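In order, the protein sequence lines correspond to chains A and B.
This note's numbering numbers the first residue of the first sequence as 3 and each following residue consecutively.
This note's numbering numbers the first residue of the second sequence as 11 and each following residue consecutively.
From the three backbone atoms N, C-alpha and C, an ideal C-beta is built for every residue, glycine too.
A quick note: this is a predicted structure, and the numbers were derived from the prediction, not measured.
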Amino acid sequence: MHVTDQLQIADKTFTSRLFTGTGKFASGTLMQKSIEASDSELVTVALKRIELSQDDENILQYFKSLNIDLLPNTSGVKTAKEAVFAAQMAREALQTNWIKLEIHPDPKYLMPDPIETLVAAEQLVKEGFVVLPYVHADPVLCKRLEEVGCQAVMPLGAMIGSNMGLKTLEFLNIIIEQANVPVIIDAGLGLPSHASAAFEIGADAVLINTAIAVAKDPIAMAQSFKLACQAGRTAYLAGQAQVLNTAESSSPLTSFLDA
Amino acid sequence: MLNMLKGFEQIFDKHDWKAVSASIYAKTSKDVERALSTSSRDIEDFKALISPAAEQYLEQMAQQSHALTKKHFGNNIQMYIPLYLSNECQNICTYCGFSLDVKLKRKTLTDAEIHAEAKLIKRLGYDHVLVVTGEANKTVGMPYFLNAIKILKQYFAHISLEVQPLEQEDYFKLKQAGVQAILVYQETYHKEDYKKHHPKGRKSNFAYRLDTPDRIGRSGMHKIGLGVLIGLEDWRVDSFFTALHMQYLEKKYWKSRYAISFPRLRPCASGIPLKSVISDRQLTQLICAYRLLNPMVELSMSTRESQKFRDNIIKLGITSISAESSTEPGGYSTPKKSLEQFETDDKRNTKSFVQVIKDQGYNVVFKDWDKSLQ
């Protein structure tokens with residue numbers, strides 16, 4: 003890896019381009035060890051999971067030994083209004099103005115609501131938040147979110163928790179081509195090869211949760227994702243080699259220049 | 011990260027002319043082959059495609075340019091015609107026939123004369139006019155433009171404007187008035203030599219001109235036209251900066267369309283010696299390189315070019331082309347020739363040129379916009 007290859011989002015700089023989640027782990031200790039093995043520097047946690055009381059079940063205790071920043075998310079909210087409120091609560095609770103904005107009114111597929119997300123994003127940016135919205139791989143929506151001041155966009159690769167990989171590939175290509183802010187591919191990446199492919203097409207970061215948390219050995223899987231992210235990013239920077247098209251022997255289109 | 015409030019200058023300042031030049035001339039056939047074999051090309055690929063190393067790959071570039079253009083634009087060639095409203099100008103530009111120091115009779119069309127020109131052009135079949143003036147803000151400023159557009163809207167569905175750089179709110183007003191496209195050429199991105207070529211007048215402000223496409227973009231204009239005067243400086247380096255500018259704008263003002271023109275310096279009343287002569291072969295290479303970099307960008311060709319070149323370039327990436335053009339105010343209804351900006355080369359009439367396009371299997375499009383759209 004190039005030591006200089008760092009990812010800048012708002013005021014923070016990341017060496018690791020693998021962001022992780024905190025849901026679905028069998029235990030807090032396993033979550034802690036997995037995050038450690040992933041080298042992840044940004045970890046998202048649902049506001050609804052955070053307890054401010056100091057008992058043993060408090061999820062925050064597991065982060066203390068880790069060299070990470072927490073990215074609270076608004077998981078569970080169904081409207082812009084609820085999301086703004088949740089973000090304000092998260093800012094109070096975790097002393098960070100970073101927020102992963104996710105609004106999914108649909109409890110089955112957890113598909114993000116684009117209209118509520120744009121409304122909430124604009125409001126939160128005005129209130130001084132660094133807003134990272136989780137959205138469908140919709141290129142126009144990503145531009146609109148960029149315009150209202152989001153510091154990154156987080157389009158999905160497939161349905162959240164589905165492990166299906168880059169099902170939205172063609173749309174992600176457009177988003178990456180057009181974006182002026184970092185593109186973090188979130189949701190749906192089930193295998194290290196999916197993560198590697200995300201970097202090969204030019205993603206700036208990925209967020210992985212389920213694929214690590216529900217693996218038989220989450221710690222080993224976290225390591226594997228770490229390596230895959232590095233491999234994909236290095237390949238992207240190295241510049242892909244491709245087969246040359248066969249040449250035409252005659253010059254039907256340019257022979258007029260010889261005359 | 012890109013500061014959304016700052017314009018292209020923050021990117022421009024990161025590129026040194028000499029370093030860019032060295033990097034273009036250092037491209038090898040391997041770089042060109044890579045650029046030809048990938049489907050998503052970046053600015054480094056563009057450098058390779060405009061480099062001397064790419065000259066031996068011209069037929070391959072042409073094949074791909076032809077196919078890409080057909081894929082995105084179909085079998086269509088758009089027609090437009092320039093309409094010069096005034097040759098008054100307060101700038102000294104060493105290469106231009108309208109330059110303040112050139113002894114030329116100055117003329118600005120009256121309402122009646124604009125009507126006369128419009129009627130003639132309309133009769134030739136055109137529905138897209140490119141309005142051109144010099145820079146004389148007191149006599150040919152915003153009030154004049156808005157009045158002229160009001161007249162021209164009675165005749166044409168699509169109005170493009172190639173006039174002096176204006177303020178953002180002016181561009182917004184022009185858009186409201188019915189202008190679909192603004193063309194402002196940087197002339198050259200060589201900052202020091204720009205000053206030499208533009209010693210006097212408002213145009214001598216390089217930074218203001220460089221920022222102009224940003225102001226157009228912020229106004230929400232439908233289409234933005236870019237270009238450099240080919241021949242003023244090394245065309246390869248100037249074209250790199252044009253492409254860089256286009257890519258920046260396209261990302262930032264993503265609702266606008268973009269067009270590139272290829273004004274090759276032609277003999278005119280100011281008579282400047284050319285520094286960088288581009289051959290027909292190299293101009294073909296440049297056109298194909300733009301298409302390979304950007305499948306969607308409109309590429310435009312004027313009557314500066316010869317009959318033979320124009321007939322053959324239609325298939326190679328060009329999407330809009332003019333014919334039967336006059337470069338002087340009043341040139342369609344009362345041609346004098348002594349008032350012109352430069353002398354055109356291909357003087358065929360519209361009807362015969364349209365036939366040439368049709369014979370190559372293309373549909374000739376005169377109307378591709380409607381007054382009801384904005």
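Can you pull the chain B residues whose beta carbon is under 7 Å from the beta carbon of residue i, in chain order?
i         : result
Leu259(A) : Asp290, Arg291, Thr294
Leu255(A) : Glu69, Ala72, Gln73, His76, Lys325, Leu326
Identify whether residue i lies in helix, strand or coil by the three-state DSSP scheme.
i         : result
Pro223(B) : helix
Met166(A) : coil
Asp180(B) : helix
Val139(B) : strand
Ser40(A)  : helix
Met3(A)   : For Met3(A), the pLDDT reaches just 47, beneath the cut-off of 50, and the residue's location in the model is therefore unreliable, although a value from the coordinates is still provided. Reduced to three states, the DSSP call for Met3(A) is coil.
Lys210(B) : strand
Ser170(B) : strand
Tyr268(B) : strand
Gln292(B) : helix
Arg274(B) : strand
Ser96(B)  : strand
Trp27(B)  : helix
Leu96(A)  : helix
Ile187(A) : strand
Leu239(B) : coil
Phe251(B) : helix
Gly78(A)  : coil
Asn13(B)  : Any reading at Asn13(B) needs caution, since the residue's pLDDT is 48, under 50, leaving its predicted position unreliable; the model's value is listed next. In this structure, Asn13(B) counts as coil in the three-state DSSP scheme.
Lys377(B) : coil
Thr104(B) : coil
Gln63(A)  : helix
Compute the beta-carbon to beta-carbon distance between residue i and residue j, rounded to the nearest angstrom, for a pair I have assumed lies under 8 Å.
i         : j         : result
Tyr64(A)  : Gly30(A)  : 5 Å
Ser67(A)  : Lys50(A)  : Going by Cβ atoms, the distance from Ser67(A) to Lys50(A) rounds to 24 Å, so no, they are not a contact pair.
Arg246(B) : Ile34(B)  : 5 Å
Gln180(A) : Lys145(A) : 6 Å
Lys57(B)  : Lys37(B)  : 6 Å
Leu44(A)  : Ile70(A)  : 7 Å
Against residue i, what residues of chain A qualify as contacts under a CB-to-CB distance less than 9 Å, listed in chain order?
i         : result
Lys262(B) : Asn182
For the candidate residues the options, whose alpha-carbon lies nearest to that of residue i?
i         : options                                    : result
Val127(A) : His106(A), Ala12(A), Asp71(A), Lys169(A)   : Ala12(A)
Glu197(B) : Asp244(B), Leu95(B), Asn359(B)             : Asp244(B)
Ala146(B) : Lys265(B), Ala217(B), Lys210(B)            : Lys210(B)
Gly163(A) : Ala189(A), Ala154(A), Ala82(A)             : Ala189(A)
Gln351(B) : Gln164(B), Lys81(B), Leu78(B), Pro339(B)   : Pro339(B)
Val375(B) : Phe83(B), Thr38(B), Leu239(B), Arg219(B)   : Phe83(B)
Ile161(B) : Ile192(B), Ile124(B), Gln190(B)            : Ile124(B)
Ala187(B) : Lys261(B), Pro305(B), Glu179(B)            : Glu179(B)
Trp264(B) : Tyr111(A), Gln34(A), Glu149(A), Gly25(A)   : Glu149(A)
Asp5(B)   : Glu315(B), Glu202(B), His76(B), Gln317(B)  : The structure shown has nothing for residue 5(B), since chain B only spans 11 to 384.
Cys99(B)  : Gly237(B), Lys40(B), Glu54(B), Arg212(B)   : Arg212(B)
Ala333(B) : Gln317(B), Gly327(B), Pro345(B), Tyr218(B) : Gln317(B)
Phe108(B) : Arg44(B), Ser61(B), Val173(B)              : Val173(B)
Lys28(B)  : Phe155(B), Leu220(B), Phe250(B)            : Phe250(B)
Asp248(B) : Pro153(B), Leu220(B), Leu110(B)            : Leu220(B)
Asn101(B) : Glu260(B), Asp290(B), Tyr204(B), Met306(B) : Tyr204(B)
Quick check: residue i and residue j, are their CB atoms within less than 7 Å of each other?
i         : j         : result
Ile101(A) : Val133(A) : yes
Thr360(B) : Leu95(B)  : no
Ala89(A)  : Phe131(A) : yes
Asn373(B) : Asn86(B)  : yes
Arg19(A)  : Ala197(A) : no
Leu72(A)  : Leu96(A)  : yes
Glu69(B)  : Thr256(A) : yes
Ile169(B) : Tyr342(B) : no
Leu93(B)  : Val150(B) : no
Thr222(B) : Pro175(B) : yes
Asp224(B) : Phe18(B)  : yes
Leu303(B) : Thr329(B) : no
Asn165(A) : Ala233(A) : no
Tyr268(B) : Ile297(B) : no
Ser229(B) : Tyr181(B) : yes
Lys113(B) : Leu349(B) : no
Ser36(A)  : Pro220(A) : yes
Val141(B) : Leu171(B) : yes
Ala39(A)  : Gln153(A) : no
Listing by chain order, which chain B residues have their CB less than 8 Å from the CB of residue i?
i         : result
Lys145(A) : Trp264
Taking Cβ-Cβ distances shorter than 7 Å, what residues in chain A pair up with residue i?
i         : result
Lys318(B) : Phe258
Asn322(B) : Phe258
With hydrogens ignored, establish whether the beta-carbon of residue i is closer than 6 Å to any heavy atom of the ligand GDP.
i         : result
Ile288(B) : Inclusion of the ligand GDP in the displayed structure is not the case, the ligand content being empty and no account of it being possible.
Examine chain C for any beta-carbon lying closer than 7 Å to the beta-carbon of residue i, and answer yes or no.
i         : result
Gly235(B) : Checking the listed chains, one finds no chain C in this structure; the protein chains it contains are A and B.
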